[in-house]
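For reference, the structure discussed in these notes is given below.
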Amino acid sequence: MPNAIQRPTRRSCQIRSGCAGPLASSLSLRADFLPRSRLQSAVFVAILSQISLSGVFQLQCRLLLYRSPRVRFTHLRPHQLVGTENEETHNATGSKQNKSSMRKSEEEENETTSVTSSEEEEEIERELAEITFEDLLKARSDGSHLVYRKNSQEKKAGRANKNRPMEVSAKKPVSRFREVVQAPKRVVRDPRFESLCGNLDVEGFRKRYDFLFENTLPAEREELKKQLKKTNDPNAVDKLKKRVSWIDKQLRFESTKSTDAAILSEHKKKEREATKHGKRPFYLKKSEIRKQRLIEKYNKLKGSGKVESFIEKRRRKNAAKDHKYMPYRRPNNNDQ
Numbered sequence: 001m002p003n004a005i006q007r008p009t010r011r012s013c014q015i016r017s018g019c020a021g022p023l024a025s026s027l028s029l030r031a032d033f034l035p036r037s038r039l040q041s042a043v044f045v046a047i048l049s050q051i052s053l054s055g056v057f058q059l060q061c062r063l064l065l066y067r068s069p070r071v072r073f074t075h076l077r078p079h080q081l082v083g084t085e086n087e088e089t090h091n092a093t094g095s096k097q098n099k100s101s102m103r104k105s106e107e108e109e110n111e112t113t114s115v116t117s118s119e120e121e122e123e124i125e126r127e128l129a130e131i132t133f134e135d136l137l138k139a140r141s142d143g144s145h146l147v148y149r150k151n152s153q154e155k156k157a158g159r160a161n162k163n164r165p166m167e168v169s170a171k172k173p174v175s176r177f178r179e180v181v182q183a184p185k186r187v188v189r190d191p192r193f194e195s196l197c198g199n200l201d202v203e204g205f206r207k208r209y210d211f212l213f214e215n216t217l218p219a220e221r222e223e224l225k226k227q228l229k230k231t232n233d234p235n236a237v238d239k240l241k242k243r244v245s246w247i248d249k250q251l252r253f254e255s256t257k258s259t260d261a262a263i264l265s266e267h268k269k270k271e272r273e274a275t276k277h278g279k280r281p282f283y284l285k286k287s288e289i290r291k292q293r294l295i296e297k298y299n300k301l302k303g304s305g306k307v308e309s310f311i312e313k314r315r316r317k318n319a320a321k322d323h324k325y326m327p328y329r330r331p332n333n334n335d336q
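Under UniProt numbering, think of the first position of the sequence shown as 1, with each following residue one higher.
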């Protein structure tokens, strides 16, 4: 035929970036003139040979390539690959015949590729069905099927050594209040657990600061009571009352502590004398100390003749507490 199409010996094939992802985005191959199905398999095998992936993932990628409509193979026209000499010899009628013959050849190739691609899909599905569940779990745990999905994580700021400064990106703005010169860490010390601070002597502490509870705080309380009588400002009155109540609480607490200490010291003296005669020592509990304190308090009240008034006051206080939990009679409509 005078205007026959001169077929090229090699075909240029490019895979456009589609479903295959970044694996095939920049790949350009030249393969022998083969049917399109074989060409697809050859190109994808070449892609997979460049990366190290598990066999299960390779089969999944191959199946994805054949099924995906986004992966397209673009073929250069034959008249584009023929040399410039052939282009000059072609006339207008020859170019029309070339176009019609090219359309026919493309239709034939599409029919053959549709048949072969379906057969290859079935073959790949059979291969995937034969893979054991253990291999599939290994491929999942390996994470190789998610390699191309991993986003680039931001690098956390840190220091290579504790004596080096922290390396931070220069693009980020610096805070207004920052530590320019790193000072040594402040060590917090508790004197209760430090041997350098010595041991706590409770009796010695009470003797040294006994003047506060005997002279200073009672005198301050009397002065505050005088100010309460003179002032009319409600805010000042509240402050003075709070201060007076605080002083009373401190004095009561100190009196109970002193009585407990006196009871304990007296008991220790008795026990020391008993141990000299071969008896085992007996240590007082807090409940026993509380009982002895109440006995001493009762003896003092009995000596001053205030036992009845104290008991009556305590009875009213307990009755007021119990009155909170007593049920009330529901009002009737007639009462309203």
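Every residue gets a Cβ at the ideal spot worked out from N, C-alpha and C, and that includes glycine.
Predicted model, so just to flag it, every value in this text is computed and none were measured.
Boundaries (first-last residue) of the alpha helix (DSSP H) holding residue i
i, result
"S169", "It is not in any alpha helix (DSSP H) - S169 carries neither H nor E in the DSSP assignment."
"residue 337", "Because the chain here runs from 1 to 336, residue 337 falls outside it and cannot be looked at."
"R314", "307 to 324"
Backbone secondary structure at residue i - three-state DSSP
i, result
"G158", "strand"
"D135", "helix"
"Y298", "helix"
"D260", "helix"
"K206", "The sequence shown places Arg at residue 206, not Lys. It is helical."
"R189", "coil"
"R293", "helix"
"A183", "coil"
"F282", "coil"
"D238", "helix"
"R164", "coil"
"S118", "helix"
"S245", "helix"
"L251", "helix"
"E194", "coil"
"L212", "helix"
"R176", "coil"
"H267", "helix"
"R330", "coil"
Residue i classed as buried or exposed, judged by whether at least 16 other C-beta atoms fall within 10 angstroms
i, result
"I263", "buried"
"E296", "exposed"
"L120", "The sequence given here places Glu at residue 120; Leu does not occur at that position. When all chains shown are included, E120 counts as buried."
Exercise for the section: Assess, as a yes-or-no matter, whether the stretch 216 to 236 is touched by the stretch 182 to 201 under the definition of 3 or more beta carbon pairs within less than 8 Å. Expected result: no
Exercise for the section: Evaluate contact between the stretch 284 to 299 and the stretch 251 to 268, counting only Cβ atoms and requiring at least three cross-stretch pairs below 8 Å. Expected result: yes
Handout entry: Three CB pairs or more closer than 8 Å across the stretch 197 to 208 and the stretch 232 to 249
Key = Flag = no, the stretch 197 to 208 and the stretch 232 to 249 do not touch.
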